[in-house]
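In this note's numbering, the protein residues as written are 20 to 197.
Given below as structure tokens:
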């Protein structure tokens with residue numbers, strides 16, 4: 020505790036990470052809410068299936084990278100001393116760790132799996148006329164199941180990220196003294 024106080028008294032006059040932290044946090048939360056509840060809904064209702072699939076295939080890898088980067092920046096800029104501050108209070112690092120783990124799973128595991136299943140489903144649909152319909156129906160059913168499972172994991176992990184971002188925001192707001 021004394022070391023943290025000493026570091027804070029030395030570092031505080033030089034630079035404060037609070038404005039950067041609030042910028043990263045608010046950008047993260049805004050991006051998550053806008054992408055999850057506005058962009059996806061509008062695109063789904065405004066576009067036919069093929070353009071929607073093409074757009075989502077390009078959009079979500081970028082979204083997962085941005086989400087992971089902003090979670091990392093939010094953790095690194097936690098006032099007053101960034102990562103050192105995380106060690107001080109477990110309540111600060113728990114939501115950021117959980118959110119970071121969920122974002123990494125979406126970025127490296129479930130996002131690519133969902134994208135590949137979406138591509139496979141599209142290719143299977145195009146190949147329907149070239150094969151026996153019974154065989155295609157079985158293959159298409161398996162691809163749809165694989166897509167559904169991975170897509171559900173992506174949705175739930177994204178929801179976890181949003182919840183822990185809100186949790187972190189509540190912790191930040193609880194420190195405001197009026």
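Each residue gets a CB set at the ideal place from its N, CA and C atoms; glycine is no exception.
Return the chain-ordered list of same chain residues with a C-beta closer than 6 Å to the C-beta of residue 124, the five sequence neighbours on each side being excluded.
-> Setting aside the 5 residues that flank it on each side, residue 124 is surrounded in the same chain by 176, each with a C-beta closer than 6 Å to its C-beta; the list follows chain order.
To the nearest angstrom, how far is it from the Cα of residue 69 to the Cα of residue 97?
-> Computed Cα separation, rounded: 42 Å.
In whole angstroms, what is the alpha-carbon distance linking residue 143 and residue 196?
-> If you take the alpha carbons of residue 143 and residue 196, they lie about 59 Å apart.
Please confirm if the stretch 158 to 174 is in contact with the stretch 126 to 141, defined as three or more CB-CB distances below 8 Å between the two stretches.
-> These segments touch.
Inspect the beta-carbon positions of residue 77 and residue 50 and report whether they are closer than 8 Å.
-> If you check the CB distance, residue 77 and residue 50 do not come in under 8 Å.
Using DSSP with H/G/I as helix, E/B as strand and the rest coil, what is residue 128?
-> Helix, per DSSP.
Three-state class that DSSP yields for residue 196 in the structure shown | Coil, per DSSP.
Confirm, please, whether the CB-CB distance from residue 190 to residue 110 is below 8 Å.
-> Cβ distance < 8 Å, so residue 110 and residue 190 count as in contact.
State the Cα-Cα distance for the pair residue 186 and residue 179, rounded to the nearest angstrom.
-> Approximately 10 Å between the Cα atoms of the pair.
Minimum C-alpha distance to residue 73 - residue among 138, 158 and 162 = Residue 138 is the option with its Cα nearest to residue 73.
Close Cβ partners of residue 129 (< 7 Å) along its chain, the five nearest in sequence each way excluded | The beta carbon of residue 129 sits closer than 7 Å to the beta carbons of 169, 172, 173 and 176 from its chain, once the five residues preceding and following it are set aside; these are given in chain order.
C-beta contact flag for residue 81 and residue 183 at 8 Å | No; because the gap between Cβ atoms is not below 8 Å, this pair is not in contact.
For residue 119, which of helix, strand or coil comes out of DSSP?
-> In this structure, DSSP gives residue 119 a helical state, which the three-state scheme calls helix.
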